[in-house]
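What follows is a single structure, written as structure tokens, with notes after it.
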Amino acid sequence: MKTSIFLVFLFIAVTMAKDKSVDVTHKVYFDVSSGGKNLGTIVIGLFGKVVPKTVSNFVGFAGEGYQGKKYEGSRFHRVIREFMIQGGDVVAKDGSGSLTITGEKYFDDENFDLKHTGPGILSMANAGKNTNGCQFFITTVATPWLDGHHVVFGKVLQGMNVVNAIENVKTTTEDKPITDVIISRSVVEKVNEKLQVKMD
Numbered sequence: 009m010k011t012s013i014f015l016v017f018l019f020i021a022v023t024m025a026k027d028k029s030v031d032v033t034h035k036v037y038f039d040v041s042s043g044g045k046n047l048g049t050i051v052i053g054l055f056g057k058v059v060p061k062t063v064s065n066f067v068g069f070a071g072e073g074y075q076g077k078k079y080e081g082s083r084f085h086r087v088i089r090e091f092m093i094q095g096g097d098v099v100a101k102d103g104s105g106s107l108t109i110t111g112e113k114y115f116d117d118e119n120f121d122l123k124h125t126g127p128g129i130l131s132m133a134n135a136g137k138n139t140n141g142c143q144f145f146i147t148t149v150a151t152p153w154l155d156g157h158h159v160v161f162g163k164v165l166q167g168m169n170v171v172n173a174i175e176n177v178k179t180t181t182e183d184k185p186i187t188d189v190i191i192s193r194s195v196v197e198k199v200n201e202k203l204q205v206k207m208d
């Protein structure tokens with residue numbers, strides 16, 4: 009009897025974990041272009057209730073930026089097929105720069121509550137523990153080995169075809185796109201209605 013009850017609770021726990029939904033507090037729209045061609049728009053939902061500091065930092069750069077430095081006009085500087093696309097270096101444009109919306113170089117890892125469960129996960133790029141800045145990446149597959157090391161704070165709502173198009177551009181041996189992939193326009197929208205995203 010005890011075994012049966014345990015199995016029921018285990019089943020419920022696993023089901024709830026699979027069906028985990030997260031509230032979206034903001035949407036960010038990235039229009040992306042490469043070589044003068046419009047690739048389309050990536051719409052990202054942000055999870056400001058789970059990681060408010062991380063989302064605030066991202067929203068800042070997706071909007072007005074800090075002293076003229078913002079995502080609009082920046083590049084996706086690192087692309088690895090069947091892994092992720094990385095961008096957001098508003099300082100050096102090549103992946104070597106870091107800046108927070110408050111002007112500091114880094115801010116601490118907020119938490120690792122959300123996981124890299126599949127394609128379209130938005131997460132903070134870093135250079136190790138507590139080195140979050142302006143850079144981010146979007147997964148194109150599940151990347152569970154990143155759990156506990158990178159802070160997940162959003163998910164692509166629309167435009168995975170654009171993410172996949174970026175994923176498949178020609179790159180150098182250092183994973184840099186041969187033709188620049190640019191965020192040509194960035195818009196932030198606060199979400200007032202109830203909107204949830206499944207993380208499975």
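In short: position in the sequence shown from 1, add 8, done, that's my numbering.
Just so it is clear, CB atoms sit at the ideal spot from N, CA and C, and this is done for glycine as well.
All of these numbers come straight from a predicted model, not from anything done at the bench.
Selected residue, minimal CA-CA separation from residue i, among the options
i, options, result
"residue 72", "43, 109 and 87", "109"
"residue 66", "153, 131, 102 and 121", "131"
"residue 199", "96, 56 and 49", "56"
"residue 49", "182, 177, 206 and 172", "172"
"residue 62", "181, 183, 179 and 114", "114"
"residue 242", "97, 184 and 177", "This structure gives no information on residue 242, because the portion of the chain shown stretches from 9 to 208."
"residue 89", "107, 118 and 148", "148"
"residue 32", "51, 158 and 43", "51"
Alpha carbon of residue i to alpha carbon of residue j, nearest angstrom
i, j, result
"residue 122", "residue 37", "22 Å"
"residue 129", "residue 160", "7 Å"
"residue 204", "residue 53", "9 Å"
"residue 87", "residue 201", "34 Å"
"residue 69", "residue 142", "7 Å"
"residue 127", "residue 133", "16 Å"
"residue 194", "residue 39", "7 Å"
"residue 162", "residue 59", "9 Å"
"residue 182", "residue 95", "15 Å"
"residue 118", "residue 207", "19 Å"
"residue 138", "residue 91", "22 Å"
"residue 43", "residue 106", "26 Å"
"residue 184", "residue 97", "13 Å"
"residue 83", "residue 28", "32 Å"
"residue 179", "residue 99", "21 Å"
Beta-carbon proximity check, residue i vs residue j, cutoff 8 Å
i, j, result
"residue 34", "residue 197", "yes"
"residue 145", "residue 93", "yes"
"residue 124", "residue 103", "no"
Evaluate the contact criterion for the region 68 to 81 versus the region 151 to 167: three or more CB pairs, one atom per stretch, below 8 Å.
-> no
Every unbroken beta strand (DSSP E) inside the region 55 to 96 [3 residues or more] = 84 to 88 and 92 to 95
Enumerated in chain order, which unbroken segments of the beta strand (DSSP E) with a length of 3 residues or greater are wholly contained in the region 150 to 176?
-> 160 to 166
Give a yes or no on contact between the region 142 to 153 and the region 186 to 202, applying the rule of three or more CB pairs nearer than 8 Å.
-> no
Any chance you could list the alpha helix (DSSP H) runs of at least 4 consecutive residues sitting entirely within the region 99 to 150, in chain order?
-> none
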